[in-house]
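*Asks:*
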Amino acid sequence: MATKRKSAKAVRIPLMALRGLMIFPHMVLHFDVGRPRSIAALEAAMLENQRIFLVAQHDAEVEEPGVEDICRVGTIATIKQVLNLPGDSLRVLVEGQQRAVFKSAVQEDPYWIADVLPIRDEAAEDDPTVQALMRTTHDFFDEYAKASMRVSPETLRSVKEVDAPDQLADVIAANVLTRLEDRQAILEEVSVAARLETLCGILVRETELAGIEKQVQGRIRKQLEKNQKDYYLREQIRAIQEELGDDNSSQNDELRERMRKTPLSDEAREKVERELDRLSRMAPGTPEISVSQTYIEWILDLPWGAYTTDNLDLKRARRILDEEHYGMQQVKDRVIEYLAVRRMKQMNTQEGSLKGPILCFVGPPGVGKTSIVKCIAKAVGRKFVQMSLGGVRDEAEIRGHRRTYIGAIPGRIIAGMKQSGTMNPVFLFDEIDKMSNDFRGDPASAMLEVLDGEQNGAFRDHYLELPFDLSQVMFITTANSVETIPGPLLDRMEIIEVPSYTEEEKLQIAKKHLLHRQVTEHGLTKGSVRIGDAAMKMIIEGYTREAGVRTLTRTIARVVRKAAVDMLENDLEQVTVSREKVQKYLGAQRYLRDLPEKKPCVGVVNGLAYTTVGGETLQVECTVMTGSGNLSLTGQLGDVMKESARAALSWVRAHAAEYELQPDFHKNIDIHIHVPEGAVPKDGPSAGVTMATALVSALTERPVRQDVAMTGEITLRGRVLPIGGVKEKMLAAYRAGIKTLLLPMENKKDLEEIPERVRNTFSVHFMENIEDVLKIALLSK
Ligand code: ADP
């Protein structure tokens with residue numbers, strides 16, 4: 011080490027322990043003394059040479075320190091002044107002289123006397139290491155002074171003025187170090203160089219701390235300023251709002267109260283609470299408030315925990331179903347079965363839930379699919395909601411929009427649940443086939459989740475962002491045709507066909523239900539308008555042509571209105587509508603069933619089609635002209651129908667000889683097949699025989715009987731294959747006044763489900779191949 015020390019002799023001197031204080035050589039300090047031992051030491055020192063050894067206690071709290079409680083290094087000081095204070099304490103002024111190391115205690119009571127070893131620092135101005143350390147210390151000190159801003163100008167000046175290396179560290183430590191440990195560390199470094207080094211370390215650390223402190227302070231100040239500003243502004247707004255009288259806190263209280271009363275799910279409660287908290291923190295007048303309130307209201311409006319009890323009385327259910335709907339046996343039976351199973355389950359397991367398949371009623375429009383579902387709800391005692399999926403193109407319609415969208419609302423499932431007011435309504439999805447028809451994909455996949463018993467216990471709407479239990483809902487769907495329902499959806503549903511009505515069935519429906527309903531709906535007394543069977547038949551056959559009874563309902567309504575006018579004008583109590591009156595009320599018949607016998611003609615054949623709206627007659631026309639072997643097909647035809655036209659042509663070419671045609675007849679002609687009246691697209695193979703017949707007739711110029719209608723698929727070899735929708739097709743033929751019906755042999759069994767009255771109006775022929783058809787339908791030239 012650069013500093014040299016003279017070996018000093020130990021001195022015996024009174025000792026005073028300092029609490030939370032210490033003194034460096036060359037420095038002046040005044041402090042109060044209260045402890046008896048300290049006062050005694052002071053007095054002893056005063057009596058001798060006013061010198062006293064001052065040393066810091068490790069722990070300021072210790073009242074009566076022992077040897078182990080005091081530091082090893084202290085300062086020998088001269089007492090300059092002693093003042094008596096009120097009470098027993100004294101105030102002293104001391105000046106530090108010299109570092110000294112505590113050696114041993116000679117006496118402890120009534121005051122300490124210690125042997126200490128004074129340390130004299132050798133002057134070290136010439137030592138280059140010390141010189142360099144001095145400079146470094148000055149630099150670090152300047153840096154610290156800049157960073158901390160706590161160093162006073164006087165201190166700066168007095169530090170600059172120090173040029174004794176042994177004092178520099180002491181002056182800086184005494185003036186700027188705040189922690190006692192740091193100062194003591196400097197005091198304990200007996201060598202000058204080590205003292206400066208230690209000080210530099212401390213200064214660097216303090217500089218860094220000061221920097222961090224400054225940052226933190228800046229941040230706190232900014233935050234405080236912002237909070238104050240916000241608070242001030244908010245108070246202003248509140249004052250304005252109060253002045254205007256629109257404070258929203260009462261609304262929030264109301265919502266909170268409602269939340270308390272609603273049996274929400276845990277997750278929902280958490281959501282609402284969080285939202286309410288957010289709401290209470292929003293400054294009044296923020297547009298987000300109403301968004302937030304609407305959201306909470308939506309959640310609270312849902313029928314949490316509200317269930318209706320099912321009425322599982324089968325007799326009553328059957329009575330209600332029969333009361334409002336004629337026929338529809340299959341549907342009614344299935345519903346009764348469903349209830350029966352539920353009841354059994356309830357009796358055996360005490361729990362009412364039943365994950366049955368979703369029922370899907372398939373049939374043409376107007377056959378009562380929707381209205382029977384309403385009736386089912388009534389029979390079971392559940393609420394009823396309905397949602398039409400026709401034209402639904404967007405998943406968001408089912409599942410809602412996320413709340414980040416402006417004006418977002420929940421999807422229609424959740425809206426329906428809210429409307430129903432219970433967790434277990436009968437929920438009807440109308441036209442599930444139309445949704446898929448227009449837009450496959452997303453809406454269908456959302457529907458899958460809704461209809462899947464495994465998943466719908468926690469249905470998630472995008473807007474609500476909460477799982478909602480749909481598992482107790484009884485879902486029923488309707489469709490016009492099975493073909494366009496996407497496969498996965500179809501898998502989850504049990505299809506129940508609701509077929510078209512015969513004229514006889516329509517008569518019963520009209521007599522038993524429609525007329526009464528119209529009479530009461532028009533505010534007339536029951537029985538005031540009567541329509542006889544003959545007149546009703548005339549309405550059905552002459553004014554409507556449909557699979558269901560919608561037009562019929564409307565037509566009866568017209569009759570009822572006219573009758574009401576009649577009654578008022580002629581002062582009648584009651585009107586019985588006869589056939590003549592029907593004509594008078596409704597004008598001339600629109601459809602004539604007994605068509606005047608049409609003359610047989612070439613290239614025109616009556617076919618029968620089964621479309622989504624029920625059965626239809628369809629006239630296939632075929633003409634032949636000179637050309638170059640082209641086959642054109644027009645009318646709204648699907649691919650399958652076009653293919654069967656080609657198959658028909660191939661069959662005719664293969665059998666050209668039998669029909670006295672040239673083997674290469676097709677080469678110099680063009681053939682045009684047309685299927686008119688095409689509002690409803692037609693497809694399917696069942697027009698095969700019809701097109702083949704039209705072709706042969708056009709090519710051979712043999713006329714076709716117009717009182718004959720036919721349906722059937724053909725193969726290339728001319729075999730006639732069975733087709734679907736026999737009942738609908740026969741009803742269509744019946745309505746069109748056809749007398750002779752040609753059906754595939756294999757459809758013979760289907761005839762059983764046709765009411766006898768209809769069956770008996772036809773002569774029905776069953777065919778195995780196309781030759782059988784041609785034999786009956788074609789006349790000779
Ligand atoms: P869909 O849903 O099949 O298109 P709707 O349920 O709308 O048919 O039925 C149309 C109207 O016809 C309703 O007023 C309904 O009450 C009535 N209706 C249909 N079928 C019957 C029936 N079998 N008995 C009584 N009314 C019927």
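Note that the sequence shown covers residues 11 to 791 in the working numbering.
Glycine included, every Cβ here is placed at the ideal spot set by N, Cα and C.
Remember, it's a predicted structure, so these values are computed and weren't measured experimentally.
1) In chain order, which continuous runs of the beta strand (DSSP E) of length 3 or greater are located wholly inside the segment 245-322?
2) Going by C-alpha distance, which of ASP323, HIS411, GLU405 and GLY44 is nearest ARG101?
3) VAL161 by DSSP, collapsed to three states: which one?
4) What residue range is occupied by the uninterrupted beta strand (DSSP E) comprising CYS370?
5) Consult DSSP for ASP604 and reduce its assignment to one of helix, strand or coil.
6) Taking only three categories from DSSP, how would you classify ALA489?
7) On the CB-based measure, 16 or more other CB atoms within 10 Å of its CB, does ALA667 come out buried or exposed?
8) Where does THR812 fall in DSSP's three states?
9) Taking 7 angstroms as the line, does the beta carbon of THR487 fall inside it for any heavy atom of the ligand ADP?
10) Looking at the secondary structure, which residues open and close the alpha helix (DSSP H) in which TYR744 lies?
11) Measure from the alpha carbon of ILE182 to the alpha carbon of each residue in LYS113, ALA155 and ILE247, then state which is nearest.
12) Would you list the residues sitting across from PHE34 in a DSSP beta bridge?
13) Whole angstroms are fine: how far does the CA of ARG571 sit from the CA of PHE469?
14) Comparing alpha-carbon positions, which option in GLU762, TYR305, LEU312 and LYS677 lies nearest PRO273?
15) Does the pairing of the segment 331-351 with the segment 515-532 give three or more beta-carbon distances under 8 angstroms?
16) Starting from the C-beta of LEU726, find all residues in its chain whose C-beta is less than 7 angstroms away, skip the five residues before and the five after it, and write them out in chain order.
17) Are there 16 or more other CB atoms within 10 angstroms of the CB of PRO754, so buried, or fewer, so exposed?
18) In chain order, what residues of the same chain have a beta carbon less than 8 angstroms from the beta carbon of LEU499, not counting five sequence neighbours either side?
19) Any idea which residues DSSP pairs GLY624 with across the strands?
20) What is the rounded straight-line gap between the Cα of LEU628 and the Cα of GLY417?
21) How big is the Cα-Cα spacing for LEU187 and GLU58?
22) The ligand ADP heavy atoms versus the CB of VAL559: any closer than 7 angstroms?
23) Taking the alpha helix (DSSP H) that THR563 falls in, what are its first and last residues?
24) Can you check which of these residues, PRO46, ILE549 and ILE89, is closest to LEU64 by C-alpha distance?
25) Taking only the alpha-carbon atoms, compute the straight-line gap between ARG22 and SER162 and give it to the nearest angstrom.
26) Looking at the secondary structure, which residues open and close the alpha helix (DSSP H) in which GLY497 lies?
27) Just reading off the beta strand (DSSP E) that GLU105 is part of, what are its end residues?
28) Looking at the structure shown, is PRO610 part of a helix, part of a strand, or coil, going by DSSP?
29) Using only the heavy atoms of the ligand ADP, determine whether one of them is closer than 7 angstroms to the beta carbon of ILE541.
30) Count the CB pairs spanning the segment 193-200 and the segment 226-240 that are closer than 8 angstroms, and state whether there are at least three.
31) Residues in its own chain within less than 7 angstroms of HIS523 by CB, not counting five upstream and five downstream?
32) For VAL783, I'd like the list of residues in its chain whose CB is within less than 8 angstroms of its CB, leaving aside the five on either flank, ordered along the chain.
33) Let me make sure I understand the geometry here. Which of SER260, MET26 and LEU213 has the alpha-carbon closest to that of GLY76?
34) ILE330 lies in the alpha helix (DSSP H); which residues open and close that run?
35) Can you list, in chain order, the residues of its chain whose CB lies under 6 angstroms from that of VAL72, leaving out five sequence neighbours each side?
36) On the three-state DSSP scale, how would you describe ALA658?
*Replies:* With the given structure in hand:
1) none
2) Position 91 of the sequence shown, counting from 1, holds the residue named residue 101. Ranking the options by Cα distance to ARG101, first place goes to GLY44.
3) In the sequence shown, residue 161 corresponds to position 151, counting from 1. Coil.
4) As a working note, residue 370 is residue 360 in the sequence shown. Segment 368-372, the beta strand (DSSP E) holding CYS370.
5) In the sequence shown, residue 604 corresponds to position 594, counting from 1. Residue confidence for ASP604 is low, a pLDDT of 46 falling below 50, so the modelled location carries little weight; the figure read from the coordinates is stated next. Correct three-state label for ASP604: coil.
6) On the sequence shown, position 479 is the one that residue 489 refers to. Reduced to three states, the DSSP call for ALA489 is strand.
7) Here residue 667 refers to the residue found at position 657 of the sequence shown. ALA667 should be labelled exposed.
8) Absent from the structure is residue 812, since the part of the chain shown begins at 11 and ends at 791.
9) Residue mapping note: residue 487 aligns to position 477 of the sequence shown, counting from 1. No, the ligand ADP has no heavy atom inside 7 angstroms of this Cβ.
10) The sequence position of residue 744 within the sequence shown is 734, counting from 1. Its alpha helix (DSSP H) spans residues 736-745.
11) The residue you call residue 182 lines up with position 172 of the sequence shown. Minimum Cα distance to ILE182 is reached at ALA155.
12) One-based indexing of the sequence shown puts residue 34 at position 24. Looking at the DSSP assignment, PHE34 forms no beta bridge with any residue, so it has no partner.
13) Counting from one through the sequence shown, the residue named residue 469 turns up at place 459. Counting from one through the sequence shown, the residue named residue 571 turns up at place 561. Taking the straight line joining both Cα atoms gives about 48 angstroms.
14) The residue given as residue 273 occupies position 263 in the sequence shown. Of the candidates GLU762, TYR305, LEU312 and LYS677, the one whose C-alpha sits nearest the C-alpha of PRO273 is LEU312.
15) yes
16) Taking the sequence shown and counting its residues from 1, one reaches residue 726 at position 716. Closer than 7 angstroms at Cβ, skipping near neighbours: ALA657, SER660 and TRP661.
17) To locate residue 754, count along the sequence shown from 1; it is residue 744. Its Cβ being crowded by 16 or more others within 10 Å, PRO754 is buried.
18) Along the sequence shown, read from residue 1 onward, the residue named residue 499 stands at position 489. Excluding residues within five positions, the ones whose Cβ falls inside 8 angstroms are ILE442, SER446, ALA454, MET457, LEU458 and LEU461.
19) Numbered from its first residue, the sequence shown carries residue 624 at position 614. Paired residues: THR621.
20) Residue numbering aside, residue 628 sits at position 618 when the sequence shown is read from its first letter. Residue numbering aside, residue 417 sits at position 407 when the sequence shown is read from its first letter. Using only the alpha carbons, I get a separation of about 50 angstroms.
21) Translated into the one-based positions of the sequence shown, residue 187 becomes position 177. Translated into the one-based positions of the sequence shown, residue 58 becomes position 48. Looking at the two C-alpha atoms, the distance is approximately 34 angstroms.
22) Start at 1 with the first residue of the sequence shown, and residue 559 comes out as number 549. The answer is yes for VAL559.
23) In the sequence shown, residue 563 corresponds to position 553, counting from 1. Run containing THR563: 560-580, per the alpha helix (DSSP H) assignment.
24) As a working mapping, residue 64 is identified with position 54 in the sequence shown. Comparing Cα-Cα distances from LEU64 to each of PRO46, ILE549 and ILE89, the minimum goes to ILE89.
25) By one-based count along the sequence shown, residue 22 stands at place 12. By one-based count along the sequence shown, residue 162 stands at place 152. Each residue's alpha carbon lies about 39 angstroms from the other.
26) Numbered from its first residue, the sequence shown carries residue 497 at position 487. Element bounds for GLY497: 497-501.
27) Within the sequence shown, the letter at position 95 stands for residue 105. GLU105 -> beta strand (DSSP E) spans 100-117.
28) Working through the sequence shown from its first residue, we reach residue 610 at position 600. Looking at PRO610 - three-state DSSP - the assignment turns out to be coil, as it is neither helix nor strand.
29) In the sequence shown, the residue the question calls residue 541 occupies position 531. False, no ligand heavy atom lies under 7 angstroms from that Cβ.
30) no
31) Indexing the sequence shown from 1 puts residue 523 at position 513. Closer than 7 angstroms at the Cβ level, and outside the excluded window around HIS523, lie GLU334 and TYR336.
32) Start at 1 with the first residue of the sequence shown, and residue 783 comes out as number 773. Within the same chain, VAL783 has close Cβ partners VAL699, ALA702, THR703, MET720, GLY722, VAL730, LEU752 and MET777.
33) Position 66 of the sequence shown, counted from the first residue, corresponds to residue 76. Here the closest residue by C-alpha is MET26.
34) In the sequence shown, the residue the question calls residue 330 occupies position 320. Here the alpha helix (DSSP H) through ILE330 covers 324-334.
35) Taking the first residue of the sequence shown as position 1, residue 72 is located at position 62. Cβ neighbours of VAL72 beyond the five flanking positions: ASP79.
36) Here the question's residue 658 lines up with position 648 in the sequence shown. Helix at ALA658.
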